[in-house]
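*Asks:* Residue numbers (this note's numbering), protein chains in the order written: chain A, 18 to 130; chain B, 626 to 738.
(1) Considering just the uninterrupted stretch of the beta strand (DSSP E) at residue 59 of chain A, what are its terminal residues?
(2) Alpha carbon to alpha carbon, how far is residue 653 of chain B from residue 627 of chain B?
(3) Does DSSP put residue 42 of chain A in a helix, in a strand, or in coil?
(4) Since residue 644 of chain B is in the beta strand (DSSP E), which residue starts that stretch and which ends it?
(5) Can you check DSSP and say which residues form a bridge with residue 70 of chain A?
(6) Indicate the three-state DSSP secondary structure (helix, strand or coil) for residue 76 of chain A in the structure shown.
(7) Residue 123 of chain A and residue 48 of chain A - do their beta-carbons sit closer together than 8 Å?
(8) Measuring CB atoms only, is the stretch 66-76 of chain A touching the stretch 20-33 of chain A, in the sense that at least three cross pairs come out at less than 8 Å?
(9) Using a C-beta cutoff of 8 Å, does residue 123 of chain A count as contacting chain B?
(10) At a Cβ cut of 9 Å, what residues of the stretch 707-733 of chain B count as close to chain A, listed as they run along the chain?
(11) Just the chain A side, please: which residues come within less than 7 Å of residue 668 of chain B by C-beta, in chain order?
(12) Can you give the beta carbon distance from residue 826 of chain B to residue 650 of chain B, rounded, assuming they're within the 8 Å contact cut?
(13) Taking all protein chains shown into account, do 16 or more other C-beta atoms lie within 10 angstroms of the C-beta of residue 725 of chain B, making it buried, or fewer, making it exposed?
(14) Measure the alpha-carbon distance for residue 56 of chain A versus residue 64 of chain A and round it to whole angstroms.
(15) Closer than 8 Å, CB to CB, is residue 703 of chain B near chain A or not?
(16) Buried or exposed for residue 82 of chain A, please, with buried defined as at least 16 other CB atoms from any protein chain shown within 10 angstroms of its CB.
(17) Per DSSP, which residues does residue 663 of chain B bridge with? Please list them.
(18) Taking Cβ-Cβ distances below 7 Å as the criterion, which residues of the stretch 64-82 of chain A are in contact with chain B?
(19) Comparing C-alpha positions only, which one of A:80, A:61, A:68 sits nearest to residue 87 of chain A?
(20) Determine, using beta carbons only, whether residue 650 of chain B comes closer than 8 Å to chain A.
(21) DSSP puts residue 708 of chain B in a beta bridge; with which residues?
(22) Mapping the DSSP letters down to three states, classify residue 100 of chain A as helix, strand or coil.
The structure is reproduced here in structure tokens:
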């Protein structure tokens with residue numbers, strides 16, 4: 018089975034701190050995604066990447082950046098955290114081709130105080 | 626543009642009763658359709674998917690869903706609810722050729738003893 022690993026389950030950060038959220042997948046998938054999940058809003062796409070060093074903005078990229086230096090690793094960067102970035106962050110990967118779903122990591126619950 | 630509507634943000638059923646979670650989608654072309662389940666403080670797990678072929682799709686944990694093109698629906702059912710089914714369920718759609726999956730806002734299923 019494909020495994021997607023997120024480096025932290027829970028994080029607490031102070032406003033203004035820089036945060037790196039790491040995501041690693043072990044099945045050589047080209048496509049990787051970062052979502053945030055908030056009650057009543059569902060999953061919203063922040064950024065995605067379809068290849069090394071390639072990235073595309075999702076629906077809510079403001080306040081975030083990403084890095085993909087290696088195929089298996091996709092990092093989400095919060096340069097200067099704010100309280101409205103308190104959320105559950107989910108990483109996913111997807112095999113190329115028709116009809117494949119996402120495989121998700123376990124999520125990182127970030128609290129900014 | 627694709628979109629997904631899940632009717633009811635919360636659904637309660639008694640243990641042993643039928644589970645029905647509703648999902649309607651909009652898509653300009655025949656889509657791929659997915660149902661995911663999320664248990665507390667975990668990532669999303671694929672329950673089932675429709676790509677092509679038989680419109681009644683069976684998934685894990687006794688769930689199934691039927692693709693009805695004329696109704697643009699993909700409702701999730703289970704004949705007899707179990708306490709362990711309590712979770713949040715997400716319907717999702719992806720168009721052919723698109724790497725991204727669009728999620729509904731989710732339905733939280735409560736099982737009453």
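C-beta: ideal position from N, C-alpha, C; glycine also.
*Replies:* Looking at the atomic coordinates:
(1) The residue given as residue 59 of chain A occupies position 42 in the first chain. Residue 59 of chain A -> beta strand (DSSP E) spans 59-66.
(2) Here the question's residue 653 of chain B lines up with position 28 in the second chain. Here the question's residue 627 of chain B lines up with position 2 in the second chain. Those two C-alpha atoms are separated by around 7 Å.
(3) As a working mapping, residue 42 of chain A is identified with position 25 in the first chain. The answer is strand: DSSP assigns residue 42 of chain A an E or B state.
(4) On the second chain, position 19 is the one that residue 644 of chain B refers to. Start and end: 644-651.
(5) Mapped onto the first chain, residue 70 of chain A falls at position 53. Its beta-bridge partners do not exist; DSSP assigns none.
(6) In the first chain, residue 76 of chain A corresponds to position 59, counting from 1. It is coil, neither helix nor strand.
(7) Residue mapping note: residue 48 of chain A aligns to position 31 of the first chain, counting from 1. Residue mapping note: residue 123 of chain A aligns to position 106 of the first chain, counting from 1. No. Outside cutoff.
(8) no
(9) Working through the first chain from its first residue, we reach residue 123 of chain A at position 106. Yes, residue 123 of chain A counts as interfacial toward chain B.
(10) 715, 717, 719, 721, 722, 724, 725, 726, 727, 728, 729, 730, 731
(11) Taking the second chain and counting its residues from 1, one reaches residue 668 of chain B at position 43. The contacting residues are 107, 121, 122, 123, 124.
(12) Residue 826 of chain B is absent from the model: chain B starts at 626 and stops at 738.
(13) As a first step, residue 725 of chain B is located in the second chain; it is residue number 100 there, counting from the start. Residue 725 of chain B comes out buried.
(14) The residue labelled residue 56 of chain A in the question sits at position 39 within the first chain. The residue labelled residue 64 of chain A in the question sits at position 47 within the first chain. Those two C-alpha atoms are separated by around 20 Å.
(15) Taking the second chain and counting its residues from 1, the one referred to as residue 703 of chain B is at position 78. So, not an interface residue.
(16) Sequence index remark: in the first chain, residue 82 of chain A carries index 65 (1-based). Under this definition residue 82 of chain A is an exposed residue.
(17) Your numbering for residue 663 of chain B matches position 38 in the second chain. Partner(s): B:669, B:713.
(18) 65, 67
(19) As a first step, residue 87 of chain A is located in the first chain; it is residue number 70 there, counting from the start. Minimum Cα distance to residue 87 of chain A is reached at A:68.
(20) Within the second chain, residue 650 of chain B is the residue found at index 25, counting from 1. Judged by the 8 Å Cβ criterion, residue 650 of chain B is not in contact with chain A.
(21) For the purposes of this step, residue 708 of chain B is taken as the residue at position 83 of the second chain. Residue 708 of chain B is not bridged to any residue.
(22) Residue 100 of chain A sits at position 83 when you count from the first residue of the first chain. Correct three-state label for residue 100 of chain A: helix.
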